[in-house]
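S.K.: Mind having a look at this structure? Questions to follow.
Numbering (this note's numbering), first residue to last: 11 to 182.
Spelled out as structure tokens, the structure:
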């Protein structure tokens, strides 16, 4: 039996769109970059070598072939320290062509949202991420169920329509 494709495999293979919805106010607390940020170290956008990594290269290749990559984040306000960090380093995503928007959680009350973060590829295939209560990734699953795909696709589009583009959002 063939192994399921990874996120990286999916990013290389989709043809029309990739959307990513993030619903948590914090992810892994065991992140050296987060620790450095909490210690006051900030990334310099002009010093690409200090923050570049393979994921960003993959997104740059994807957007470079004309395929949009959109990320929406639903966040509590006031934002958590993790979200402040995430906001501060999002310039990297934007520089490689990813479109990023932010939506305060209170503005999402009337949107039917899935229970998990996900990627949706070409409007047909979901990669659902599962996290522990502490924000550590504990698994992922591919979902092809048409009902789940439709729910996640419509949820993403509703969030995207209301959300503020990264360049206009100010975390409070």
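No residue lacks a Cβ here, since even glycine has one placed at the ideal position from N, Cα and C.
Every value quoted in this text rests on a predicted model; they were computed, and no experiment measured them.
Distance, Cα to Cα, residue 88 vs residue 181?
M.R.: The residue given as residue 88 occupies position 78 in the chain shown. The residue given as residue 181 occupies position 171 in the chain shown. Distance between the alpha carbons of residue 88 and residue 181 is about 7 Å.
S.K.: Report the three-state DSSP secondary structure of residue 141 (helix, strand or coil).
M.R.: Start at 1 with the first residue of the chain shown, and residue 141 comes out as number 131. Strand.
S.K.: For residue 88, decide whether its Cβ has a neighbour in chain B, counting only Cβ atoms nearer than 7 Å.
M.R.: Chain labels in this structure do not include chain B; a single protein chain is all it has.
S.K.: In the DSSP output, what is residue 149 paired with across the bridge?
M.R.: In the chain shown, the residue the question calls residue 149 occupies position 139. Answer is 140, bridged to residue 149.
S.K.: Output the residue ranges of the beta strand (DSSP E) runs that lie fully inside the region 86-142 and measure 3 residues or longer, sorted by chain position.
M.R.: You should have 109-114, 128-131, 135-141.
S.K.: Return the chain-ordered list of same chain residues with a C-beta closer than 6 Å to the C-beta of residue 123, the five sequence neighbours on each side being excluded.
M.R.: Residue numbering aside, residue 123 sits at position 113 when the chain shown is read from its first letter. Counting only Cβ-Cβ distances below 6 Å, and skipping sequence neighbours, we find 165.
S.K.: If we count the other Cβ atoms within 10 Å of its Cβ and call it buried at 16 or more, is residue 119 buried or exposed?
M.R.: By 1-based counting over the chain shown, the position of residue 119 is 109. It counts as exposed.
S.K.: I'd like to know if the region 126-133 and the region 41-55 are in contact, where contact means that at least 3 CB-CB pairs between them fall below 8 Å.
M.R.: Not touching, per the Cβ criterion.
S.K.: Between which residues of its own chain and residue 110 is the CB-CB distance below 7 Å, once the five residues before and five after are set aside?
M.R.: Within the chain shown, numbered from 1, the residue matching residue 110 stands at position 100. 81, 100, 103, 104, 176, listed in sequence order.
S.K.: Taking 7 Å as the threshold (C-beta atoms), are residue 86 and residue 146 in contact?
M.R.: Here residue 146 refers to the residue found at position 136 of the chain shown. Here residue 86 refers to the residue found at position 76 of the chain shown. Against a cut-off of 7 Å, the Cβ pair of residue 86 and residue 146 comes out as no contact.
S.K.: Give the C-beta separation of residue 21 and residue 66 to the nearest angstrom, bearing in mind that I take them to be a contact with Cβ-Cβ under 8 Å.
M.R.: The residue you call residue 21 lines up with position 11 of the chain shown. The residue you call residue 66 lines up with position 56 of the chain shown. No, residue 21 and residue 66 are not in contact; Cβ-Cβ is about 11 Å, not under 8 Å.
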